[in-house]
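Here is the structure we will look at.
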Amino acid sequence: VAKSDGKARWRRHDPALSAAIIERLELRAAMETALARDEFQLAYQPIVCLDDHTPVGFEALVRWLHPTRGLLMPGDFIDLAEESDTIVALGTWVLREAAATAVAWPGTPYVSVNVSARQFHAKGFADTVLTALADTGLPPDRLMLELTESLLLRDDDHQVWNDLAILRDHGVQIAIDDFGTGYSALSYLRHAPIDVLKLDKVFTRAITSSAQETDLVDGIVQLAKTMRLKVIAEGIENPVERTLLHGFGCHFGQGYLFARPLDPAAVPAWLAGHSI
Ligand code: C2E
Ligand code: MG
Ligand code: MG
Ligand code: MG
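Under UniProt numbering, the first residue of the sequence shown is numbered 726, with each subsequent residue one higher.
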């Protein structure tokens, strides 16, 4: 058998190479051209003040309008992108697109952008952010970056803390996303260059499940406040969750109760209808 058809033979005879794996490989390959083909889109989900439900910002959430598979959600492709430097290029696109969109919004809502660890560790991350702000004209205090807890937990990694400190000095807000689902190293958070905790939606959901869970969420909110951090509760779906969280002193919320992620074109009208 000639070397040239080694690939085909392997494909035919390896039972472990399931259709699912081939699909993932195809999706990963397609992602590399998807950026150039302009197949990614952002949806914007409002973040509101829990006192009066006025909007304070929007989280940018990426979607992939795949030419044959239709609309793909981040759960379908972000982990694939994170396996290679694709996440760096995609992340930069998200940042620039979100900043360019937010600068045109009426009022001064911020836009919050998810940043993956690989993207953060890529060379010149702080510069990439500051350049996106300068190029689009979005004031730095109208940008929030969402990072996961694990990014902060390597005490040998002074570069991460340095970059965060630089961005914060410019006025960019730093949030810990999905708080409470990763390693909760409170000793690190105490000194970390961050402004906001985003309480993961598992806690919002748990709040009504038992008295003990209710107390736990209350305790987490109090802890964040003691550390002088703002708290955004994720995944608020009903008025009971909203009222309990507000009662604990949670400042901000996000979830289907207030709004689903919106098409960019729908944001100005939504803002007009929900601002005081
Ligand atoms: P996340 O950052 O925790 O974003 C919140 C997710 O919860 C979004 O899912 C949002 O649509 C969903 N959500 C909002 N309100 C509710 C609610 O009331 N109930 C429920 N059940 N869900 C709610 P989505 O858009 O599918 O995004 C999933 C994750 O993908 C995000 O979780 C984030 O970690 C990641 N992601 C999204 N966009 C980007 C991006 O541009 N870059 C990176 N690196 N990751 C992204
Ligand atoms: Mg997020
Ligand atoms: Mg989150
Ligand atoms: Mg979450």
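Backbone N, C-alpha and C define an ideal beta-carbon position, used for all residues, glycine too.
May I ask which residues mark the beginning and end of the alpha helix (DSSP H) holding I812?
The count along the sequence shown starts at 1 and reaches residue 812 at position 87. Looking at the DSSP string, the run of the alpha helix (DSSP H) that includes I812 is T811 to A827.
Report yes if the C-beta of R985 is less than 8 Å from at least one heavy atom of ligand 1; otherwise report no.
Within the sequence shown, numbered from 1, the residue matching residue 985 stands at position 260. Yes; taking the cut-off as 8 Å, the Cβ of R985 has a heavy atom of ligand 1 nearer than that.
Once you ignore the five residues that flank A936 on each side, which residues in its own chain have a CB closer than 8 Å to its CB?
Mapped onto the sequence shown, residue 936 falls at position 211. Within the same chain, A936 has no close Cβ partners at all.
Contact between the region 791-798 and the region 859-876: three or more CB pairs below 8 Å?
Result no; under three Cβ-Cβ pairs closer than 8 Å.
Answer with buried or exposed for P834, where buried requires no fewer than 16 other C-beta atoms within 10 angstroms of its C-beta.
Residue 834 sits at position 109 when you count from the first residue of the sequence shown. Its Cβ being crowded by 16 or more others within 10 Å, P834 is buried.
In the DSSP assignment, what are the bridge partners of P771?
Along the sequence shown, read from residue 1 onward, the residue named residue 771 stands at position 46. The partner list for P771 (beta bridge, DSSP) reads F783.
If you check the beta carbons only, do G907 and E871 fall under 9 Å apart?
To locate residue 907, count along the sequence shown from 1; it is residue 182. To locate residue 871, count along the sequence shown from 1; it is residue 146. It is not a contact, given that the beta carbons lie outside the stated cut-off.
For H895, which residues from the same chain have a beta carbon less than 6 Å from its beta carbon, with the 5 sequence-adjacent residues on both sides left out?
One-based indexing of the sequence shown puts residue 895 at position 170. Contacts found: P865.
Pick helix, strand or coil for K848, following the three-state DSSP scheme.
Position 123 of the sequence shown, counting from 1, holds the residue named residue 848. Correct three-state label for K848: coil.
Mind checking whether L775 and F977 have CB atoms under 9 Å apart?
The sequence position of residue 775 within the sequence shown is 50, counting from 1. The sequence position of residue 977 within the sequence shown is 252, counting from 1. It is a contact, given that the beta carbons lie within the stated cut-off.
Assess contact between the region 839-857 and the region 759-775, defined as three or more Cβ pairs (one per stretch) separated by less than 8 Å. Is contact present?
They do not touch, by the three-pair rule.
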